[in-house]
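Colleague: As they're listed, the protein sequences go chains A and B.
For the first sequence, the numbering used here gives the first residue as 16, with consecutive numbering after it.
For the second sequence, the numbering used here gives the first residue as 9, with consecutive numbering after it.
Every residue gets a Cβ at the ideal spot worked out from N, C-alpha and C, and that includes glycine.
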Amino acid sequence: MSSTFDQIANIIAETCDIPRDTIKPESHAIDDLGIDSLDFLDIAFAIDKAFGIKMPLEKWTQEVNDGKATTEQYFVLKNLADRIDELVAAKNAGASTAS
Amino acid sequence: MQLEYFQLIDRIVDLNLGERTITVEAQVPQTHTIFEGHFPGFPIMPGVLLTEAMAQSSGWLVLGVTNFERMPFLAMVKEAKMRGFVSPGQLLTIEAKIEHEGSGFAVTSAKARVGTELKCSAALTFRHIPFPDPKLRVYMDAMAHKIGYPFQAIAK
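(1) Would you report the Cα separation of S52 (chain A) and G92 (chain B), rounded to the nearest angstrom?
(2) Mapping the DSSP letters down to three states, classify K119 (chain B) as helix, strand or coil.
(3) Would you say L53 (chain A) reaches chain B, if we count a Cβ-Cβ gap shorter than 8 Å as a contact?
(4) Counting only beta-carbon atoms, is H40 (chain B) nearer than 8 Å to chain A?
(5) Using a Cβ cut-off of 8 Å, which residues of the stretch 78-103 of chain B contact any Cβ in chain A, in chain order?
(6) Pull the bridge partners of K86 (chain B) from the DSSP assignment, please.
(7) Taking 8 Å as the cut-off, does the stretch 98-107 of chain B touch the stretch 22-38 of chain B (at least 3 CB pairs, one atom from each stretch)?
(8) At a CB distance below 7 Å, what residues from the stretch 105-127 of chain B approach chain A? Give them in sequence order.
(9) Counting Cβ pairs closer than 8 Å, one from the stretch 132-147 of chain B and one from the stretch 70-79 of chain B, do we hit at least three?
(10) Does F60 (chain A) come within less than 8 Å of chain B when only Cβ atoms are used?
(11) In the DSSP assignment, the alpha helix (DSSP H) including N80 (chain A) goes from what residue to what residue?
(12) Ignoring anything shorter than 4 residues, give me the alpha helix (DSSP H) runs that lie fully in the stretch 29-94 of chain B, in order along the chain.
(13) Spell out whether any CB of chain A is found under 8 Å from the CB atom of T133 (chain B).
(14) Below 8 Å on C-beta distance, what does D73 (chain A) contact in chain B?
(15) Closer than 8 Å by beta-carbon distance: list the chain B residues that pair up with L56 (chain A), in chain order.
(16) With respect to the alpha helix (DSSP H) encompassing I23 (chain A), which residues constitute its N-terminal and C-terminal limits?
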């Protein structure tokens with residue numbers, strides 16, 4: 016099973032037509048890969064579907080705008096992968112609690 | 009349809025928030041200056057307006073899902089297919105369904121038919137934000153009442 020990062024990188028490569036081998040764990044989605052907000056909507060849609068989650072983009076954006084977080088925390092891909100893993104774990108924990 | 013005001017939807021036929029679907033009707037006017045140029049001797053609804061009609065249908069659905077607290081704005085059009093001509097005077101029945109609800113965005117699929125004949129379809133993405141101006145909220149409320157928006161469906 017591929018890692019979360021690999022799945023994200025594949026989604027970005029396919030969605031934004033960026034060569035897969037240029038997408039690294041250290042890549043910043045905006046600053047390094049040049050992904051704009053519209054393309055990121057497409058990526059968020061694909062990630063939400065692939066992982067069965069709802070990435071809280073509005074909350075993240077608000078935190079960045081309020082100076083409570085940096086864009087690196089959410090948009091450097093290895094960090095994004097961590098955030099996604101956290102969301103998946105929270106979803107699974109919720110599911111096991113409910114069952 | 010009041011094309012001058014970009015009001016393409018005439019009536020909400022059905023709104024099912026549980027299923028995340030909406031069905032609306034849009035009456036294409038019998039005469040309009042648009043048809044003088046599009047096209048002389050062969051008047052048809054422009055594809056961009058059919059796409060807009062599908063977008064407005066989806067937009068009314070997103071408004072309902074967000075309890076009229078957020079305004080949807082069209083952000084992406086994918087797989088827009090104009091499958092058949094739509095002529096002056098025809099009645100469009102448009103169905104839209106929310107395929108995904110993201111954080112601050114929604115993805116819908118929409119189809120428009122004349123009778124049973126599928127005329128166009130598209131996958132649409134909307135950003136939605138809190139109403140940026142109270143005037144817009146008032147306007148959308150008024151429009152909703154005008155087209156028979158089933159507010160009782162939201163109140164459930």
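Modeller: Checking against the coordinates, here is how it stands:
(1) For the purposes of this step, residue 52 (chain A) is identified with residue 37 of the first sequence, where counting begins at 1. For the purposes of this step, residue 92 (chain B) is identified with residue 84 of the second sequence, where counting begins at 1. Cα to Cα, the separation comes out at about 34 Å.
(2) On the second sequence, residue 119 (chain B) is found 111 positions in, with the first residue counted as 1. Correct three-state label for K119 (chain B): strand.
(3) Position 38 of the first sequence, counting from 1, holds the residue named residue 53 (chain A). So, interface residue.
(4) Translated into the one-based positions of the second sequence, residue 40 (chain B) becomes position 32. No, no contact with chain A.
(5) A83 and M84
(6) Numbered from 1 along the second sequence, position 78 holds the residue referred to as residue 86 (chain B). Partner(s): B:A131.
(7) yes
(8) H108, G110, S111, G112, F113 and V115
(9) yes
(10) Counting from one through the first sequence, the residue named residue 60 (chain A) turns up at place 45. Yes, its Cβ sits closer than 8 Å to a Cβ of chain B.
(11) As a first step, residue 80 (chain A) must be located in the first sequence, where it is residue number 65. Its alpha helix (DSSP H) spans residues L72 to N80.
(12) 41-45 and 55-73
(13) In the second sequence, residue 133 (chain B) corresponds to position 125, counting from 1. At least one chain A Cβ lies under 8 Å of T133 (chain B).
(14) By one-based count along the first sequence, residue 73 (chain A) stands at place 58. First, the amino acid is wrong: residue 73 (chain A) is Glu here, not Asp. The contacting residues are S111 and G112.
(15) If you number the first sequence from 1, residue 56 (chain A) lands on position 41. Neighbours of L56 (chain A) on chain B, chain order: A83, M84, G110, F113, T133 and R135.
(16) Here residue 23 (chain A) corresponds to residue number 8 of the first sequence, with the count starting at 1. Unbroken alpha helix (DSSP H) run through I23 (chain A): T19 to C31.
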